[in-house]
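Residue numbers (this note's numbering): 83 to 169. The structure under discussion appears below in the form of structure tokens.
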């Protein structure tokens, strides 16, 4: 979970037909709204075609990073996504 000027942001593993990364936002940290469409990640490689899960978010002064597992719980690789600006 990350807190910035816009409130709280949470990325999490979500299981449906396949594992994916879910995303939710909250202004107060108590009431959450799920907004998976805004999760900031679109899988695109063969190594992540069946699963993306277990996100880990880190901010520095200018960017936000997400590390996550690909297919077979990371057996096929670990991804790194970079936002240009954090919060």
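For each residue, glycine too, the CB sits at the ideal point set by N, CA and C.
In terms of alpha-carbon separation, which member of the options lies closest to residue i?
i	options	result
residue 129	143, 150, 121 and 139	150
residue 114	124, 94, 125 and 133	94
residue 109	153, 92, 139 and 122	92
residue 86	145, 156, 162 and 161	145
residue 120	131, 104 and 135	104
residue 136	126, 88, 143 and 154	154
Give me the Cα-Cα distance between residue i and residue j, rounded to the nearest whole angstrom.
i	j	result
residue 112	residue 97	22 Å
residue 164	residue 99	27 Å
residue 118	residue 107	10 Å
residue 162	residue 143	18 Å
Please state whether the Cβ-Cβ distance between residue i and residue j is less than 8 Å.
i	j	result
residue 134	residue 152	yes
Curious, which full-length beta strand (DSSP E) runs of at least 3 residues does the region 126-158 contain?
Correct list: 135-141 and 146-151.
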